[in-house]
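What follows is a single structure, written as structure tokens, with notes after it.
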Amino acid sequence: MTLLDDRPAERAPAPVRPGFTGRVRDLRIGVRCAVAGGREGWIRTLLTAIGVGLGVAVLLGAASVPTLMQQRDDRGAARQLGVTATGDSAPRSDRSFLLTDASSEFRDASVGGYLLRPDGAHPVLPPGVDRMPGPGEMVVSPALRRLLDSPDGKLLKERYPYRDVGTIAPAGLSDPFDLYVYAGSDRITADRDGRRYDTWGHRYGTTPMDPVLVVMVILACVVLLVPVAIFIATAVRFGGERRDRRLAALRLVGADVRMTRRMAAGEALFGAVVGVLLGAGFFLAARQLLAHVEVWRLTAFPSDLSPVPVLGALIVVAVPLASIAVTLFALRSVAIEPLGVVRSRRGRSRRLWWRLPIPVIGAALLLMSSATGSTDTFGVVRISAGIGLLLIGLVLVLPWLVEAVVARLHGGSVPWQLATRRLQLSSTAASRAVAGITIAVAGGIALQMFTTAVDDDFVKSTGADTRRAQISANANFPSGALAQRMVNEFGATKGVRKVIGTVDTWASPAGAKPDADGYTSSVTLSVGTCAALRELAHLPSCTDGDVFRVTGSGDAYMESELKKIGGPGTRLEVDGADFDKKAEKAVSWTLPKNTRTVTSRRDPSGDTFGGLLATPSAFDTRVLHNSSTSAQVQVDESVPDALEFVRNTAFRIDPAMRVWTLSSTQQDKQFASIQRGLFTAAAITISLIAASMLINQIEQLRERRRLLSVLVAYGTRRSTLAWSVLWQTAIPVVLGMALAVSGGLALGVLMLRMVDRTVTDWWVFLPLVGVGAAAIAGVTLLSLPPLYRLMRPEGLRTE
Numbered sequence: 055m056t057l058l059d060d061r062p063a064e065r066a067p068a069p070v071r072p073g074f075t076g077r078v079r080d081l082r083i084g085v086r087c088a089v090a091g092g093r094e095g096w097i098r099t100l101l102t103a104i105g106v107g108l109g110v111a112v113l114l115g116a117a118s119v120p121t122l123m124q125q126r127d128d129r130g131a132a133r134q135l136g137v138t139a140t141g142d143s144a145p146r147s148d149r150s151f152l153l154t155d156a157s158s159e160f161r162d163a164s165v166g167g168y169l170l171r172p173d174g175a176h177p178v179l180p181p182g183v184d185r186m187p188g189p190g191e192m193v194v195s196p197a198l199r200r201l202l203d204s205p206d207g208k209l210l211k212e213r214y215p216y217r218d219v220g221t222i223a224p225a226g227l228s229d230p231f232d233l234y235v236y237a238g239s240d241r242i243t244a245d246r247d248g249r250r251y252d253t254w255g256h257r258y259g260t261t262p263m264d265p266v267l268v269v270m271v272i273l274a275c276v277v278l279l280v281p282v283a284i285f286i287a288t289a290v291r292f293g294g295e296r297r298d299r300r301l302a303a304l305r306l307v308g309a310d311v312r313m314t315r316r317m318a319a320g321e322a323l324f325g326a327v328v329g330v331l332l333g334a335g336f337f338l339a340a341r342q343l344l345a346h347v348e349v350w351r352l353t354a355f356p357s358d359l360s361p362v363p364v365l366g367a368l369i370v371v372a373v374p375l376a377s378i379a380v381t382l383f384a385l386r387s388v389a390i391e392p393l394g395v396v397r398s399r400r401g402r403s404r405r406l407w408w409r410l411p412i413p414v415i416g417a418a419l420l421l422m423s424s425a426t427g428s429t430d431t432f433g434v435v436r437i438s439a440g441i442g443l444l445l446i447g448l449v450l451v452l453p454w455l456v457e458a459v460v461a462r463l464h465g466g467s468v469p470w471q472l473a474t475r476r477l478q479l480s481s482t483a484a485s486r487a488v489a490g491i492t493i494a495v496a497g498g499i500a501l502q503m504f505t506t507a508v509d510d511d512f513v514k515s516t517g518a519d520t521r522r523a524q525i526s527a528n529a530n531f532p533s534g535a536l537a538q539r540m541v542n543e544f545g546a547t548k549g550v551r552k553v554i555g556t557v558d559t560w561a562s563p564a565g566a567k568p569d570a571d572g573y574t575s576s577v578t579l580s581v582g583t584c585a586a587l588r589e590l591a592h593l594p595s596c597t598d599g600d601v602f603r604v605t606g607s608g609d610a611y612m613e614s615e616l617k618k619i620g621g622p623g624t625r626l627e628v629d630g631a632d633f634d635k636k637a638e639k640a641v642s643w644t645l646p647k648n649t650r651t652v653t654s655r656r657d658p659s660g661d662t663f664g665g666l667l668a669t670p671s672a673f674d675t676r677v678l679h680n681s682s683t684s685a686q687v688q689v690d691e692s693v694p695d696a697l698e699f700v701r702n703t704a705f706r707i708d709p710a711m712r713v714w715t716l717s718s719t720q721q722d723k724q725f726a727s728i729q730r731g732l733f734t735a736a737a738i739t740i741s742l743i744a745a746s747m748l749i750n751q752i753e754q755l756r757e758r759r760r761l762l763s764v765l766v767a768y769g770t771r772r773s774t775l776a777w778s779v780l781w782q783t784a785i786p787v788v789l790g791m792a793l794a795v796s797g798g799l800a801l802g803v804l805m806l807r808m809v810d811r812t813v814t815d816w817w818v819f820l821p822l823v824g825v826g827a828a829a830i831a832g833v834t835l836l837s838l839p840p841l842y843r844l845m846r847p848e849g850l851r852t853e
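For the sequence shown, the residue numbers in our numbering are 55 to 853.
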């Protein structure tokens, strides 16, 4: 017998690490699996593509905001009136024109525009207009034309009875729903209500944004965009479990674990690339639709929504790369065996020690930040990183929290046990589905806390008393008789209860000389009925023929001028001085001996009067050659469109009359604009998250189709399975909401500390938690029809 020499066993060769070409080959095989994967493969790819596409469309919209703002700003500057170097009116020429304001309000909308009167044959045209409207003609925006032609615009049409001869092009409008008009008139004069210009286009200096608003914008951007990124990451894993089981077959033909992971990444990459293409299509379709839809008064022309090239390129490249990274990261805890067994590696539970430092670092960055440093690039990056890390930290803590809680849940009803047992076996998919809404609610709580606390900084009280009057008007008239006509016609208008009207002019001491600066001492003289004068001053008594000196207005200049006027018996020149201009036809008037001194009273618009008050018998306004009229009108709010009747009366008296609605508060325009943007963006984000939860829920049901059919075949009631699906969705959502409330409140406190504010309402989270509850209810209801369909006996079939 021949003995073989004992030889040491040959060591298996070390696995050869594939180079770049090998990795690309593995990705390419994954792409081919996605393309040639049959009906199931295409369904998975389609779900991923739709999810990624929706997220990409939102990101492209966010990348278009800078372009949108710049385009609107440019068009707004183009239709501003050009000014001369000295600020004076332009000289009369063949290109010049007279102009006066023709803007108005209609219900809750604002109508902008001008009345024009050209001086020559070649006047400079407003942007977007191809011809200057003649007397009795107008060119209007498409939105205003639709309103004027509709039954709702009947009252507004009385204000603009001109013949429509043209349309303002987009170059002259801020957005598709802009209500704007240019009308021709031959009644405008340079000496009364008109001003001469010979150019259009002027860009006024921009006011730097308040640091508090800068912080608010940064918070909003991060809060609204991080859920979108989470949504895209979640969409990449739609159908991941079935895809991973199918890839197990590749182990039988020699593929190692790393190769199968790269192939899975290649399959996800294909879905992401298709999603980017779909997202571009969604974005193009949405921007065309946006021109016909107005959400919270926000709309735009399609050309305005053009992504910044750098940001657009970053999205196109980053999303596919992120799909690869997310897939490889998710497969770390998955073993793909040759016999098709996929199991989670549960050697140890999830650890918390590496998850907590991320939100802690985010909180530390916010603690080191301040509102004063938020305007520089470093400050913006630091604040953004702090908010982002804190929110992402919540997503990382959520899977640990869900696993830790469900591991301690035992017993209960059959639906409850089915749900908890499923979550105990694998809570990854459930946590992933809830991640988006957790971040959205946490960010929403912080944002709501912030806006509530700083609201008083940007919403100021005007002092107006809207119980005494709801609308105010002012106009310059060449005579006192015309001014009195305005008061009378307002009083006869339908729906008007009371008119506080005065005819206003200037009075100066007889023979007063201009000072070194060219100004002549003068005070306001207002003439009105006793009822009107009582709204301007505290009168002990009043009869026709009385005159009053009104002090205590709070205006130091007017108080000093009033002292120069003197007391009863002083001879004045009325209509004789308007600060720096001496009138040619002054009216001599002597303060009567019964002139009394009274204190000022805040009028309905919130202003205080200082000067002289006279009743009609004490001073005849018909002798005035230059005067103005102020009217504050109280309407009967039970009369529909009472305010519109008043505005129409004002137009009939003088199209150039200034009319405005009184309001008890006034909101900062930048703050209001940011709030409108937040409402729109939040609606889009919540819709995106709801879609993500629904798609994920349906995909999980498809994953368990055979199991559901088996349970039904064994006699399990369908209602039991439906309740189990509800609990399986509800448990992670409840835990996510609890985490979102704590994280959102913490983020809100940190952001308010940054701007030196304190929390004014600790219960702002309740409505947002309600949104989360509504989301779970909606997703569950919408998933019931697919659930009942998947429980049919056909689900037992297999290939």
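In this text, a Cβ means the ideal position worked out from N, Cα and C, and glycines have one as well.
Since the structure is predicted, the reported quantities are computational estimates derived from the model, not experimental observations.
Worksheet item: In three-state terms, what does DSSP make of ALA637?
Response: Note on ALA637: pLDDT 49, under 50, position unreliable in the model; the coordinate value appears next. Of the three classes helix, strand and coil, the one that applies to ALA637 here is coil, per DSSP.
Worksheet item: Which of helix, strand or coil does DSSP assign to MET612?
Response: Helix, per DSSP.
Discussion item. Would ARG676 and ALA546 be called neighbours here (beta carbons separated by less than 8 Å)?
Written reply: Between ARG676 and ALA546, the C-beta gap is not smaller than 8 Å, which leaves the two residues out of contact.
Worksheet item: Going by beta carbon distance, what residues of the same chain come within less than 6 Å of ALA529, once the five residues before and after it are set aside?
Response: Here the set comprises THR683, ASP708, MET711.
Worksheet item: Helix, strand or coil for LYS617 per DSSP?
Response: In this structure, LYS617 counts as helix in the three-state DSSP scheme.
Worksheet item: Roughly how many angstroms lie between the CA atoms of VAL364 and VAL112, to the nearest whole one?
Response: The alpha-carbon atoms of VAL364 and VAL112 are separated by roughly 16 Å.
Worksheet item: Using a Cβ-Cβ cut-off of 6 Å (strictly less than) and excluding sequence neighbours within five positions of PHE673, which residues of its own chain qualify?
Response: Around PHE673: VAL581.
Item to complete: Using 10 angstroms around the beta-carbon of ASN750, count the other beta-carbons present and answer buried if the total reaches 16, otherwise exposed.
Response: Taking a 10 Å sphere around the C-beta of ASN750, we find 16 or more other C-beta atoms and assign the residue as buried.
Worksheet item: Is it buried or exposed for GLY466, if we count other Cβ within 10 angstroms and need 16 for buried?
Response: Of the residues assessed, GLY466 falls on the exposed side of the cut-off, its CB having fewer than 16 other CB atoms within 10 angstroms.
Item to complete: Measure the alpha-carbon distance for ARG241 versus PRO189 and round it to whole angstroms.
Response: Our two residues, ARG241 and PRO189, have alpha carbons roughly 9 Å apart in a direct line.
Discussion item. Closer than 8 Å is the cut-off here; do at least three beta carbon pairs connect the region 114-130 with the region 376-388?
Written reply: At 8 Å Cβ cutoff, the stretches do not touch.
Item to complete: Confirm, please, whether the CB-CB distance from LEU448 to LEU793 is below 8 Å.
Response: Against a cut-off of 8 Å, the Cβ pair of LEU448 and LEU793 comes out as a contact.
Practice prompt. Please determine, among SER195, SER576, ALA223, the residue with the shortest C-alpha to C-alpha distance to TYR214.
Written response: Put simply, of SER195, SER576, ALA223 the residue whose alpha carbon is nearest the alpha carbon of TYR214 is SER195.
Worksheet item: Which of the three DSSP states, helix, strand or coil, is assigned to VAL396?
Response: Bear in mind that the predicted position of VAL396 carries a pLDDT of just 49, short of 50, making it too unreliable to give a figure here.
Fill in: Length of the line joining the Cα atoms of GLU321 and THR75
Computed Cα separation, rounded: 17 Å.
Worksheet item: Residue range of the alpha helix (DSSP H) that ARG807 falls in?
Response: Counting along the chain, the alpha helix (DSSP H) containing ARG807 begins and ends at 772-808.
Worksheet item: By Cβ distance, which residues of its chain are closer than 6 Å to THR574, with the 5 residues on each side in sequence left out?
Response: Same-chain partners within the cutoff: SER562, ALA566, PRO568, ALA631.
Practice prompt. Tell me whether PHE504 is buried or exposed, calling it buried when 16 or more other Cβ atoms sit within 10 Å of its Cβ.
Written response: Per the 10 Å Cβ criterion, buried.
Worksheet entry | Residues bridged to MET9 (per DSSP) | What is shown of the chain runs 55 to 853, which leaves residue 9 out entirely.
Discussion item. Distance check for SER741 and GLY226, CA to CA, integer angstroms please.
Written reply: One C-alpha to the other measures close to 34 Å.
Worksheet item: Across which residues does DSSP place ALA668 in a beta bridge pair?
Response: DSSP lists VAL581, VAL601 as partners of ALA668.
Discussion item. Relative to the C-alpha of SER403, which candidate in ARG305, GLN478, PHE292 has its C-alpha closest?
Written reply: Nearest C-alpha to SER403: GLN478.
Worksheet item: Is it true that the region 492-507 meets the region 818-825, where meeting means three or more beta-carbon pairs spaced less than 8 Å apart?
Response: Result yes; three or more Cβ-Cβ pairs closer than 8 Å.
Worksheet item: Given a threshold of 16 other Cβ atoms within 10 Å of its Cβ, counted over all protein chains shown, does SER515 qualify as buried or as exposed?
Response: Burial call: exposed.
Fill in: Euclidean distance between Cα positions of ASN174 and ASP148
Sequence inspection shows Gly at residue 174; the Asn mentioned does not correspond to that position. Each residue's Cα considered, the two are about 4 Å apart.
Worksheet item: So the alpha helix (DSSP H) ILE728 belongs to, where does it begin and stop?
Response: 723-757 is the extent of the alpha helix (DSSP H) around ILE728.
Practice prompt. For ALA737, count neighbouring C-beta atoms within 10 Å of its own C-beta (all shown protein chains included) and say buried if the count is 16 or more, exposed if not.
Written response: The residue in question, ALA737, is exposed, as its Cβ has fewer than 16 Cβ neighbours within 10 Å.
Worksheet entry | Three-state secondary structure (DSSP) of THR715 | In the structure shown, THR715 sits in a strand (DSSP, three-state: E or B).
Worksheet item: In its own chain, which residues sit with a C-beta less than 6 Å from the C-beta of GLN125, not counting the 5 before and 5 after it?
Response: Excluding positions up to five away in sequence, the list reads ASP358.
Discussion item. Just to confirm before moving on: does the CB-CB distance between ALA318 and GLY84 stay below 8 Å?
Written reply: Yes, the pair counts as a contact, with Cβ atoms nearer than the cut-off.
Discussion item. So, at 7 Å on beta carbons, what are the nonlocal neighbours of GLN720 in its own chain, with the 5 sequence-adjacent residues on each side left out?
Written reply: Hits under 7 Å: LYS514, THR516.
Item to complete: Name, in chain order, the residues that DSSP records as bridge partners for GLU627.
Response: DSSP, once it has assigned bridges, lists SER562, SER642 as partnering GLU627.
Practice prompt. In the DSSP assignment, find the unbroken beta strand (DSSP E) run with ALA685 in it and report its ends.
Written response: Looking at the DSSP string, the run of the beta strand (DSSP E) that includes ALA685 is 681-689.
Practice prompt. State buried or exposed for GLY329, treating a residue as buried only when at least 16 other CB atoms are found within 10 Å of its CB.
Written response: Per the 10 Å Cβ criterion, buried.
Worksheet entry | Option in THR221, THR154, ARG146 with minimal Cα separation from LEU135 | Measuring from the Cα of LEU135, the nearest candidate turns out to be THR154.
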